[in-house]
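Residue numbers (full-length UniProt numbering): 1 to 400.
Cβ atoms here follow ideal geometry from the backbone N, Cα and C, with glycine treated the same way.
Quick caveat, the model's predicted, so the values are computed rather than measured.
Reading through the structure tokens given below for one structure.
This is the structure we're talking about:
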């Protein structure tokens, strides 16, 4: 069933920062971005967890979320995602509940198997076992969050004996839970099984984008199989968008940062180079791709937008039509594509001109303007007649 409801907007923040800069300043810049986005009406943000690579150094989304919650007033902030194979599930559950209480219900829990093979290698976790571990950990976490009965569980990597959380969640029955998806049906299957939210990161690769339209079909199939109720309003789709007043300005603003981002993404996952050369076995470029090549590839695959608000509206509309609709559009944010000043200008322009196209917030003002323009001649004639009548009345009074 297609979704025709109000679309909400948020941020998906890995975050990513080129390693030559001051990391302390970069982290505080991320917090400033969240604070500013909160004032613009962005409803939520998801914070990543990574441990290697040099570009992504938020190692604990929970710690970052705690700092961000104190700096924001309205926005909900969640882990995007907690990499379950690297943590004892009891700790993940109790930290999520503690944040739920400290934020009075403004936190969310996104979970996944981890996205960087280098993380798994460094932590001694076989990459082939990450999904198995994630499922085992999630079964324990879900029980701890939603069940009062003590849990005893034994796996080859963690043990629980008569385990319970000291606190039940602040949110009733628990905080929002989200699974992520790129290309495979793994995440959508779990979202359907547990009646949870889904975050599709398919817009970050050409292959993933091709699978995006099928994500919610998998969610609905699994929801039916497990007697769950799911809603497209809880489907978030991540998109790479930077807007400026003109396409030329948008291009200038990403010229310095976008090639480095592309090189890093290609180094850790090859996803960036799929955009440039999707054929199997294509050689990896030796140096950073040019901005022109990247923008051309983005336009050809429709997975990103470096342009104007109208370009962004067209891209999001096409994605909504292709998928049958989704309730949340999440901007891929804090990537150092641009300067902070350009980032803030882009966010403000997006909030001012793109959001209303999908929320109907400008519908009545526009209708009233059109009505005023349509009745302008009659209104002006009536106004002039009234002025003439007043002048004549004044003249007559003066003569008498």
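Distance between residue 377 and residue 383, taken at the CA atoms: about 10 Å.
In this structure, the CA atom of residue 169 is about 23 Å from the CA atom of residue 236. Residue 131 is positioned such that its CB atom lies no closer than 9 Å to that of residue 125. Pairing residue 69 with residue 256, the inter-Cα distance amounts to about 31 Å.
Around the beta-carbon of residue 4, fewer than 16 other beta-carbon atoms lie within 10 Å, marking it exposed.
Assigned with DSSP and collapsed to three states, residue 242 falls in strand. Assignment of residue 132 by DSSP, reduced to helix, strand and coil, places it in the helix class. Distance from the CA atom of residue 395 to the CA atom of residue 365, rounded to whole angstroms, is 40 Å. By alpha-carbon distance to residue 290, the top candidate from 307, 258 and 128 is 258. In the three-state DSSP reduction, residue 366 falls in the helix class (H, G or I). Under the DSSP assignment, residue 355 falls in the alpha helix (DSSP H) whose first and last residues are 355–359. Straight across, the Cα-Cα distance linking residue 118 with residue 53 is about 7 Å. Taking the CA atoms as reference points, residue 106 sits about 14 Å from residue 10.
Taking C-alpha positions only, residue 21 is separated from residue 101 by approximately 35 Å. According to the DSSP assignment, residue 154 belongs to the beta strand (DSSP E) that extends over 151–154. Partner residues in the beta bridge of residue 180, as assigned by DSSP, are 199.
Between the segment 308–316 and the segment 233–250, the count of Cβ pairs shorter than 8 Å is three or higher; the stretches touch. Secondary structure at residue 109: strand, using DSSP grouped into helix, strand and coil. An exposed status is given to residue 385, since fewer than 16 other beta-carbon atoms sit within 10 Å of its beta-carbon.
Straight across, the Cα-Cα distance linking residue 194 with residue 324 is about 22 Å. Here residue 7 carries a coil assignment [DSSP, helix/strand/coil]. Below 8 Å, enough C-beta pairs join the segment 70–78 and the segment 43–52 to call them touching: three or more. Between residue 60 and the set 25, 34 and 96, the nearest pair of CA atoms involves 96. Cβ neighbours of residue 307 within its own chain (closer than 6 Å, five residues either side excluded): 247 and 250. A direct Cα-Cα distance of roughly 8 Å separates residue 340 from residue 29. In the structure shown, residue 223 adopts helical secondary structure according to DSSP, grouped into three states. In this structure, the alpha-carbon of residue 245 lies about 14 Å from that of residue 254. Rounded to the nearest angstrom, the gap between the Cα atoms of residue 185 and residue 332 is 21 Å. Fully contained in the segment 46–125 are the following alpha helix (DSSP H) runs of length 4 or more, in chain order: 61–71, 89–102 and 117–122.
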